[in-house]
Amino acid sequence: MKKILAILALAFAAVFTLAACAPSAEPVTLGPDAIVIDVRTPSEYSEGHLEGAVNIDVQSPDFASILSQLPTDGEYYVYCRSGNRSAAAVAQMKAAGFTNVTDGGSKENASAATGIPIVQ
67 MKKILAILAL
77 AFAAVFTLAA
87 CAPSAEPVTL
97 GPDAIVIDVR
107 TPSEYSEGHL
117 EGAVNIDVQS
127 PDFASILSQL
137 PTDGEYYVYC
147 RSGNRSAAAV
157 AQMKAAGFTN
167 VTDGGSKENA
177 SAATGIPIVQ
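The numbers in the sequence shown follow the working numbering, run straight up by one, and end at 186.
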């Protein structure tokens, strides 16, 4: 009986540990002039993106050059497929002097957090 209770306790703890690691879509309110940036590849963008998002591929050699054309004091909301590339893009943007940049994580989380629909 003790073994069964121990196994159930471990399973319960594992479920809640994994749930805590899952990204959450905290509600985000964007200003009227906010720019939503999809940092995935153009082919990924064409398969579906947040409505109104601009595509700036973080892996493109032109990424830094494109950033230099944007005002550093604007409001930016950045997302990608899983959150890895958006985190890298946000880090680059902050290093370049951008002051109001939010990492939205994945496309799905970004859509849920902002209420912006995914379109093709």
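Using N, Cα and C, we set each Cβ at its ideal position, and we do this for glycine too.
- Inter-segment contact for the stretch 114-125 and the stretch 177-185 is present: three or more beta-carbon pairs are separated by less than 8 Å.
- In the DSSP assignment, the residues bridged to ILE101 are TYR142.
- In this structure ASP99 is exposed. Its beta-carbon is surrounded by fewer than 16 other beta-carbon atoms within 10 angstroms.
- Around the CB of SER152, 16 or more other CB atoms lie within 10 Å, so the residue is classed as buried.
- Distances from the CA of SER126 to each of THR138, ALA155 and GLU92 were compared; the closest alpha carbon is that of ALA155.
- Under DSSP, GLY171 takes part in a beta bridge, and its partners are TYR145.
- With respect to the 8 Å criterion, VAL105 and CYS146 are classified as neighbours on the basis of their beta carbons.
- If you ignore the 5 residues before and after PHE164, its C-beta comes within less than 6 Å of the C-beta of THR138, all in its own chain and listed in chain order.
- Contact check for TYR143 and THR180: beta-carbon distance about 7 Å, within the 8 Å limit, so the pair qualifies.
- Bounds of the alpha helix (DSSP H) holding GLN158 are 150-161.
- Boundaries cannot be given for PHE164, as no alpha helix (DSSP H) includes it and DSSP labels it neither H nor E.
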